[in-house]
Each structure stands twice: as structure tokens, then as C-alpha cells.
Amino acid sequence: MIESVLSLRGVVKSYDKKLAVDNVSFEVPKGSIFGLLGPNGAGKTSIIRIITGITRADTGEIFMDGVPLNNRHPELIGYMPEERGLYKKMKVGEHLLYLARLKGLSAKQAKERILHWMEKFEISNWWNKKVEELSKGMQQKIQFIATIIHAPPLLILDEPFSGLDPVNTNLIKDEIYQLKEQGTSIIFSTHRMEQVEEICEHIVLINGGQNVLEGRVNDIKEQFKEHYFKIDYTGTLAEGIGDHFNIIQSEDKSIMLKAIEGQSSSELLRSLLNYGLEINAFHEVLPTLNQIFIRQVKQ
Amino acid sequence: MNKLWLIIKREYLTRVKRRSFIIATLLTPLAFAIFFIVVGFIFQYESDEVRRIAVIDKGNVLQKSIKDETNLYFKFVDTDLETLRSSFDELDYNGILVIPPINEILSKSHTVYYYSNQSPSLDLESLIKSRIRERIRNYKIEALQLDRRQLDALATTIELDPEPIVKGNQDGSKMTGAIAAGIGGLMGMIMYIVVFIYGMMVMRSVMEEKTNRIVEVMISSVRPFQMMLGKIVGVGAVGLTQVAIWAILIPAVIFVTSLVFGFDANTQMEMAQNTPGGAAAMNPDEAEAMAIQIIHEIKNLNWWSIIPLFIFYFIGGYFMYASLFAAVGSAVGDDLGESQSLTIPITIPVVIAFYIMIVAIESPTSNLATWSSIFPLFSPIVMPARLAFSPPLWEVAVSMLVLATSSIFFVWLAGRIYRVGILMYGKKTSIKELGKWLFYRG
Numbered sequence: 041m042i043e044s045v046l047s048l049r050g051v052v053k054s055y056d057k058k059l060a061v062d063n064v065s066f067e068v069p070k071g072s073i074f075g076l077l078g079p080n081g082a083g084k085t086s087i088i089r090i091i092t093g094i095t096r097a098d099t100g101e102i103f104m105d106g107v108p109l110n111n112r113h114p115e116l117i118g119y120m121p122e123e124r125g126l127y128k129k130m131k132v133g134e135h136l137l138y139l140a141r142l143k144g145l146s147a148k149q150a151k152e153r154i155l156h157w158m159e160k161f162e163i164s165n166w167w168n169k170k171v172e173e174l175s176k177g178m179q180q181k182i183q184f185i186a187t188i189i190h191a192p193p194l195l196i197l198d199e200p201f202s203g204l205d206p207v208n209t210n211l212i213k214d215e216i217y218q219l220k221e222q223g224t225s226i227i228f229s230t231h232r233m234e235q236v237e238e239i240c241e242h243i244v245l246i247n248g249g250q251n252v253l254e255g256r257v258n259d260i261k262e263q264f265k266e267h268y269f270k271i272d273y274t275g276t277l278a279e280g281i282g283d284h285f286n287i288i289q290s291e292d293k294s295i296m297l298k299a300i301e302g303q304s305s306s307e308l309l310r311s312l313l314n315y316g317l318e319i320n321a322f323h324e325v326l327p328t329l330n331q332i333f334i335r336q337v338k339q
Numbered sequence: 156m157n158k159l160w161l162i163i164k165r166e167y168l169t170r171v172k173r174r175s176f177i178i179a180t181l182l183t184p185l186a187f188a189i190f191f192i193v194v195g196f197i198f199q200y201e202s203d204e205v206r207r208i209a210v211i212d213k214g215n216v217l218q219k220s221i222k223d224e225t226n227l228y229f230k231f232v233d234t235d236l237e238t239l240r241s242s243f244d245e246l247d248y249n250g251i252l253v254i255p256p257i258n259e260i261l262s263k264s265h266t267v268y269y270y271s272n273q274s275p276s277l278d279l280e281s282l283i284k285s286r287i288r289e290r291i292r293n294y295k296i297e298a299l300q301l302d303r304r305q306l307d308a309l310a311t312t313i314e315l316d317p318e319p320i321v322k323g324n325q326d327g328s329k330m331t332g333a334i335a336a337g338i339g340g341l342m343g344m345i346m347y348i349v350v351f352i353y354g355m356m357v358m359r360s361v362m363e364e365k366t367n368r369i370v371e372v373m374i375s376s377v378r379p380f381q382m383m384l385g386k387i388v389g390v391g392a393v394g395l396t397q398v399a400i401w402a403i404l405i406p407a408v409i410f411v412t413s414l415v416f417g418f419d420a421n422t423q424m425e426m427a428q429n430t431p432g433g434a435a436a437m438n439p440d441e442a443e444a445m446a447i448q449i450i451h452e453i454k455n456l457n458w459w460s461i462i463p464l465f466i467f468y469f470i471g472g473y474f475m476y477a478s479l480f481a482a483v484g485s486a487v488g489d490d491l492g493e494s495q496s497l498t499i500p501i502t503i504p505v506v507i508a509f510y511i512m513i514v515a516i517e518s519p520t521s522n523l524a525t526w527s528s529i530f531p532l533f534s535p536i537v538m539p540a541r542l543a544f545s546p547p548l549w550e551v552a553v554s555m556l557v558l559a560t561s562s563i564f565f566v567w568l569a570g571r572i573y574r575v576g577i578l579m580y581g582k583k584t585s586i587k588e589l590g591k592w593l594f595y596r597g
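Protein chains in written order, with my numbering: chain V, 41 to 339; chain C, 156 to 597.
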């Protein structure tokens, strides 16, 4: 059994009469990158706010490292909200120092770490720049540093790449991977599915305040596969080949097939060979998370 | 606690270091100085123009003597009025004053005539009237052969000197009341301004934090209540700093300018006499004696209790109102129009308190003044105004207790609204909505 850094069990939160989080449970495996997905207004932010201790759940339990969530835990979490801002008139160095000290670092410790990160991100000369002089993407780097400055074992990143150019996206992405290597558990919230697919190992999909899907990305894809196969071939397609499977898409020397109910991939391949085709490539097409996401949300 | 301190420090330092703060803090006393200089010049300017007046006094009522004034000269002439009028343009006179002979010595009213191309200015008119009144009085005294000393004794002035019942208690003088009213009014006024300026500053700052979403970043490492309290304390400290600097700089600047430009309280007072409707005639010696007494009275006030109490009411009132402003700021975000409709319920008690304060300095022991200085929404403005009148100890004690308790209560109340409001977007806020937020679970 995989150890969990965070467990949510039956968490419910309502505002006024609106149920924002409806009996949500999931486990975040330790040291993984975990995708918290869902359409806008699904309740992601409410869940994150409960985890970070900004609000409290009406009912349900939350454990961090097996201990019920308490006042000490927020310091072990680094949270970068989707809607984020900085004090425009403050200088970058001063601002980072302020945020770092609020996370409980001593002045000396904070300064050392800030200098380290600024050097790493090649922005050492920004210390005396005012925040308002920076572009949105540049401010995001500052925010990322502020989020990880106290080296929290759990990191929650809400749309960390929004507004970043490809170069800076990669910079942050590499940093996320490195942190994971160092043992940090990361909750990554987004609705950009291609990023999730690339980065996350586990996901939970929230819709209408409920947990609709949870598990390892590969398992989920396996679970939702529809037995599509893509075949590159040489030769010609014989008449009657369509009796054995449904041709979804046919291009020059390449077809997409859907296997008939109960047909295994070996049987499919065998019958293709029986038609005298020379197969150059044969692989099963798993659904993208995007497709699964849209399908689940529409249901 | 450490985090709260960090927030206070940031709120304080960013404001105090801001150029606008430094400029406002230093320029305000300078503005006072300029105002003072300009007013001084305006008063002096009046007597700038040299005026010459020909006096025709056929009956020799004035006995050829009338006191000249700086820039105003009287000249007795023997020429008759018609000749003077026809050659008026060649002669260098501003006007001709004609004193008719006094036929009816017992008549109370006499008319003199002033011929000129311009009607006399108000100050000229009152000056001529007062000079001639004195001369005619002298003329009558002599004509009636009266005893001048007896007459002088008839003009009686009454002064009321308040004395304490218990011997040894502070002995007020005849001016204690007026001075206490002046100082009380000033203190009430300062409180009124402080509540508005710094309360609004807190509100705007909260709105800004909410709008640019820095709260989202902050809120995961500090409690909303710490953020709110830190801001209120930080801005309050800025306010105290500013008021303290002004309390030193403004009197200093006024003192220096009065030394440099040479018009002090006495000349201002004399000038006031010359203007119609000004203070009753008072000779310079009397004015000086009064100034000395005023200074003595001000020194005599019990500053050792007034200043700490003033600071207490400053802090109490500021905390109460600033927290309410913070709550409103958290609820509205960037919608200024909406903030106005929510600040009105807060500003109304402040304005009412201001008017009560004005009445309270006139009658500091009235029921209205007493109860208003206990009612917490009014007391921060009304009580400081009454402090110089040495209100009964029990009233001060009750008022302080009520204010302290209510301040804590209001800060708590505002904290409940703030923690919800600060993270709530796109929702129209009404008073009813704010009420609901109070009961939200953490």
C-alpha cells in the first residue's frame, strides 16, 4: 500500500445553502505529483482552501501524514493560488523576505534562501526592483519562489503555468520535477489536460463538488479505453475486412479500428494478418485525459 | 504573535517611507506657516494706503484735536465746505468730515457728515465713529461741568471668577471655561479627522489587497484576523506618528514665523479690535495680560491626565471605527460605489458625534454630553472634548471601560466579516449579507 501524504475522508463544505464540496474523499500518495482536476466552479478551490486551513470543512476528516489537520500544518504546505498578487510598491527582495518570514523563517535564513533561488532563476539583480516594474510572468517567478521558500513537504500549485512563456514554463516544470525528486509531494490543480498528462502520476477529478474519478493516470486510461487500434500497413485493404472490426478512420497506409466487443488485440492482429496485410506498426490508442475529462463532466 | 508583528511592521514602514507621507507630514505645518504669513499680511495690508481727511469743525467740538492713526491723518481746516468741495480734486484729501455744532447737549445721537467720492470703508467708518464719540463725550463732560472720575466709575465691568468648593482643588480663573472649550473642541476635531482619514485609509488598503489578490497568497500563512489587526495597528501607528509630528512641528513653525515676520498674538488681537464686530476695545496692556493668563491657564490644565486619556480615546475610537471600515473594505473589493453605501452607516454616528461634541463644549455637564461620552460610538469624539473641563472621575472610568470593551467587540465582529469577505468575489454585498457572514463557520 502506498503511503499517503494527505487523506480526505468524506469532506463536506457548504456556503449559505450551496454545497461546494459534497462528500469528497481521496488520497494523495507521498512523493507524487497529483492532479486535482475539474471544470471551473467544481469545488477545487474550496477543497484547496480546506487543505490549507483557510477554511474548515463542515464535516469529514483530513489527515496529513496520518495526523488530523491542525494549526501547525499550514506551515508544512506551500500554496500558490490561481489568483495571486503581490504588493506592487514593494521591492522584490523586501517582498520575498516578508513572505518568507511570515512562513516562519528567520531573517538570516530567509535571505540566504531567497538569494539562492534568485540566483537559480537568474534574477539576482532584481532585489531592488519594484514589483510593479515586473511583467506578469516575471511576477510569477517571484510567487513561485515565495511558495517554495520554506521547503514545504507538500506543495499545492493552482494553475502554475498560466501566463508563462514556454521558456519559463519549462523552468518551473523542471523545478517541480526536481522538488519531487527531493521528496516533495505536489498537488497540481489545472484544467489544462495536456499538462496533467505530461506531469501527473495520479489524479482526482472533481465535478459539481463530487469526486467523479480517481486513480493513477495509466489505470484510468486503461479503464476508459475503447479498444481503438492504430495500424500502419503496406498492401491493400481487402473487401470484407470491415466484418471483423469497425473502421473508424482510414488514411493512406494507416487505419484506426475499433475492436468488436470481446475481441482481444491478438485476435485482431491475427485477422489482419490473415488478410495478407503487412503490418508496420500496431498499437492501442488510449483515450486522452481530455477526452475522459469531457466525457465525465458531461455525464 | 511574531507574524502579527511582521505585518504591523510592514504596514507601518511602507507607509512611513512613502514619499507622499513624508511630503504630507512636512507640508502640512508648512501650509500652516504660509497661511499664518498670508493672514498676517492681509491684516497689515489694510492700513497700507495713506488717507488724509479734512475736518471742518465750526463749533470747535473736537477742540482741534483728533488722534491720528497709522496711515490715517486728520487735518482741521477753516475753509468752508463749498470751497473745499469745489476744489476737492486739486486738494490731496480722501474725504471731508463735517462736524456740525452741538446745539442740543442732552441729545444722545449726533450725526457727522463725510463727503467723498467713495463711501468710507468699514474700518474707516468705525474708526471715525469711535474717535469722535470720545471727543464729543469729552465736550459734553466739560459743557455740563461733570466730574470725570465719577463718570468713569459708572462704566462697570463684571468678571466671573470660578472657585472650587473644596479648598485646595484646582482654582480656575475667569478664562478657564473658554480655554477648556477651545482645547476640547480642538481635541474633538482631531479625533473626528483621525477617524475619517485613517479609517478610510484602512478601508482603501483592504480593498486594494483584495483586488490585487495578495490576500490569496497571504492567507495561507497568516490568519485573516492577523492580517486585519496588523493593518489596523500599523495604520494607527502611522496616524499617531503623523499627529505627534504635527503636534511638535505646527506650534514650532507658527512660533518661528511669528518671530521672523513679527506679528504675534498681540498684534493680531489689536488688528481684530480695529475691525468692526471684533473684540471689544482693549488696550495693549490688557491684551498682553490676557495672553499671559491664557498661557498660564493652558499650562495649568491637568495635561498629565489629559494627554494619556486623549491617546486612550484616540486608540479606542480608532480601533472601533477602523475595524468597521476594514470589514466594509473586505466586503466590497474594488467597487467604490458599493463601498459608499456601506460606509454611510459608519459615518453617520461619527458625524452625529461631531455635532454632539460642539454642544458638549458649550454645556459639558448636560445629560446629552454625559451619556454621549459613555456611548461607545460617540465617546471617542465627545469625551476628549470634555476632558479639559475635568469631568467626574466615575464618568471617565465608565466611559473608558465601555469603549475598551466595545472596541474589542467591534474588532472581533469586523474580523468575522473580514475573514469571509476577503475571499468572496463577485457577490453583491448588503448589510444583510454581512450579517450572515458573522455566523459562517471558520
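C-beta atoms are modelled at their ideal positions from N, C-alpha and C, and glycine is treated no differently.
Anticipated Cβ contact below 8 Å, Val-372/C with Arg-124/V, distance rounded: Against the second sequence, residue 372/C aligns to sequence position 217. Against the first sequence, residue 124/V aligns to sequence position 84. Confirmed, about 5 Å.
Rounding to the nearest angstrom, what Cα-Cα distance links Glu-314/C and Ile-513/C in this structure? In the second sequence, residue 314/C corresponds to position 159, counting from 1. In the second sequence, residue 513/C corresponds to position 358, counting from 1. The straight-line gap from Cα to Cα measures roughly 25 Å.
If you draw a straight line from the C-alpha of Lys-151/V to the C-alpha of Lys-129/V, how long is it? Along the first sequence, one-based indexing puts residue 151/V at 111. Along the first sequence, one-based indexing puts residue 129/V at 89. C-alpha separation (whole angstroms): 20 Å.
Going by C-alpha to C-alpha distance, which of Leu-139/V, His-190/V and Ile-94/V sits closest to Leu-219/V? Within the first sequence, residue 219/V is the residue found at index 179, counting from 1. Checked all of Leu-139/V, His-190/V and Ile-94/V; the closest Cα to Leu-219/V is His-190/V.
Selection of the stretch 269-283 of chain V by Cβ proximity to chain C, strictly under 9 Å: none
CB contact below 8 Å: Leu-326/V versus chain C: Counting from one through the first sequence, the residue named residue 326/V turns up at place 286. No, because no Cβ of chain C sits closer than 8 Å to the Cβ of Leu-326/V.
Would you check if there are 3 or more beta carbon pairs closer than 8 Å linking the stretch 290-301 of chain V to the stretch 261-280 of chain V? yes
Roughly how many angstroms separate the alpha carbons of Val-210/C and Ile-257/C, rounded to a whole number? Here residue 210/C refers to the residue found at position 55 when the second sequence is read from its first residue. Here residue 257/C refers to the residue found at position 102 when the second sequence is read from its first residue. Approximately 15 Å between the Cα atoms of the pair.
For Val-372/C, decide whether its Cβ has a neighbour in chain V, counting only Cβ atoms nearer than 8 Å. Translated into positions along the second sequence, residue 372/C becomes position 217. By this cut-off, Val-372/C is an interface position.
Can you check which of these residues, Phe-410/C, Val-398/C, Pro-406/C and Arg-165/C, is closest to Ile-470/C by C-alpha distance? In the second sequence, residue 470/C corresponds to position 315, counting from 1. The option with the nearest alpha carbon to Ile-470/C is Val-398/C.
Give a yes or no on whether 8 Å exceeds the smallest Cβ distance from Lys-158/C to chain V. By one-based count along the second sequence, residue 158/C stands at place 3. For Lys-158/C, the answer is yes, since a Cβ of chain V falls inside 8 Å of its Cβ.
Between the CA atoms of Lys-158/C and Ser-225/V - distance to the nearest angstrom: Position 185 of the first sequence, counted from the first residue, corresponds to residue 225/V. Position 3 of the second sequence, counted from the first residue, corresponds to residue 158/C. Taking the straight line joining both Cα atoms gives about 26 Å.
Pick from Gly-133/V, Ser-202/V and Gln-180/V that is closest to Lys-169/V, judged by C-alpha positions: Residue 169/V sits at position 129 when you count from the first residue of the first sequence. Minimum Cα distance to Lys-169/V is reached at Gly-133/V.
Ile-154/V and Ile-185/V closer than 8 Å at C-beta: If you number the first sequence from 1, residue 154/V lands on position 114. If you number the first sequence from 1, residue 185/V lands on position 145. Contact: yes.
Beta-carbon proximity check, Gly-75/V vs His-242/V, cutoff 8 Å: Taking the first sequence and counting its residues from 1, the one referred to as residue 75/V is at position 35. Taking the first sequence and counting its residues from 1, the one referred to as residue 242/V is at position 202. It is a contact, given that the beta carbons lie within the stated cut-off.
For the structure I just gave you, are there three or more beta carbon pairs, one from the stretch 180-187 of chain C and one from the stretch 405-413 of chain C, closer than 8 Å? yes
So for Arg-141/V, helix, strand or coil by DSSP? Translated into the one-based positions of the first sequence, residue 141/V becomes position 101. Helix at Arg-141/V.
Just to make sure I have the definition right: I need the residues of chain V whose C-beta is within less than 7 Å of the C-beta of Ile-369/C. Which are they? Looking up residue 369/C in the second sequence gives position 214. Result: Gly-125, Leu-126 and Tyr-127.
8 Å Cβ cutoff met for Gly-484/C and Val-377/C: Mapped onto the second sequence, residue 484/C falls at position 329. Mapped onto the second sequence, residue 377/C falls at position 222. Cβ atoms of Gly-484/C and Val-377/C: not closer than 8 Å.
What does the alpha-carbon distance come out to for the pair Gly-118/V and Ser-290/V? As a first step, residue 118/V is located in the first sequence; it is residue number 78 there, counting from the start. As a first step, residue 290/V is located in the first sequence; it is residue number 250 there, counting from the start. About 49 Å.
Using 8 Å as the threshold, is the C-beta distance between Leu-479/C and Ile-462/C below it? Taking the second sequence and counting its residues from 1, one reaches residue 479/C at position 324. Taking the second sequence and counting its residues from 1, one reaches residue 462/C at position 307. No, Cβ-Cβ distance for Leu-479/C and Ile-462/C is not below 8 Å.
Between the stretch 328-335 of chain V and the stretch 253-271 of chain V, do three or more beta carbon pairs fall short of 8 Å? yes
Completely contained beta strand (DSSP E) runs for the stretch 55-106 of chain V, where each covers 3 or more residues: 58-69, 73-77 and 99-104
Please list, in chain order, all residues of the same chain as Met-353/C whose beta carbon is under 8 Å from its beta carbon, the five residues on each side excluded. What you label residue 353/C is simply residue 198 of the second sequence in a count that begins at 1. Reading the sequence as shown, one finds Tyr at residue 353/C and not Met. Taken in chain order, the residues that qualify are Val-390, Gly-391, Val-393, Gly-394, Tyr-473 and Ala-477.
Does DSSP put Thr-328/V in a helix, in a strand, or in coil? As a first step, residue 328/V must be located in the first sequence, where it is residue number 288. The answer is coil: DSSP assigns Thr-328/V none of H, G, I, E or B.
Residues of the stretch 128-145 of chain V in Cβ contact with chain C at a cutoff of 9 Å, in chain order, please. Lys-128, Lys-129, Met-130, Glu-134, Tyr-138, Leu-139, Arg-141, Leu-142, Lys-143 and Gly-144
Taking just the CA atoms, how far does Val-506/C sit from Gly-340/C? Taking the second sequence and counting its residues from 1, one reaches residue 340/C at position 185. Taking the second sequence and counting its residues from 1, one reaches residue 506/C at position 351. So the two alpha carbons sit approximately 14 Å from each other.
For a quick check, are the C-beta atoms of Val-51/V and Lys-70/V less than 8 Å apart? The residue you call residue 51/V lines up with position 11 of the first sequence. The residue you call residue 70/V lines up with position 30 of the first sequence. Their beta carbons are not under 8 Å apart, which means Val-51/V does not touch Lys-70/V by this criterion.
With DSSP collapsed to three states, give me the class of Asn-247/V. For the purposes of this step, residue 247/V is identified with residue 207 of the first sequence, where counting begins at 1. In this structure, Asn-247/V counts as strand in the three-state DSSP scheme.
Ala-186/V versus chain C: which residues are under 8 Å apart at the beta carbon? Here the question's residue 186/V lines up with position 146 in the first sequence. Those within 8 Å of Ala-186/V in chain C are Val-372.
Can a CB atom of chain V be found closer than 8 Å to the CB of Arg-571/C? Here residue 571/C refers to the residue found at position 416 when the second sequence is read from its first residue. Taking Cβ atoms only, chain V never reaches closer than 8 Å to Arg-571/C, which makes this a no.
Of all Cβ atoms in chain V, is any one closer than 8 Å to the Cβ of Arg-359/C? For the purposes of this step, residue 359/C is taken as residue 204 along the second sequence, with counting starting at 1. Arg-359/C does not count as touching chain V.
If the cut-off is 7 Å on Cβ atoms, which residues from the stretch 84-96 of chain V count as contacting chain C, listed in chain order? Thr-92, Ile-94, Thr-95 and Arg-96
Measure from the C-beta of Gly-433/C to each C-beta in chain V and report whether the shortest distance is under 8 Å. Taking the second sequence and counting its residues from 1, one reaches residue 433/C at position 278. Low per-residue confidence applies at Gly-433/C: pLDDT is 40, beneath 50, and the placement is therefore not dependable, though the value from the model is reported in the following sentence. So no, Gly-433/C is outside the interface.
So with Cβ pairs under 8 Å, would you call Gln-149/V a contact of chain C? To locate residue 149/V, count along the first sequence from 1; it is residue 109. So, not an interface residue.
Residues from the stretch 171-186 of chain V in contact with chain B, defined by Cβ distance under 9 Å: Annotation note: the requested chain B is absent from the structure, which comprises protein chains V and C.
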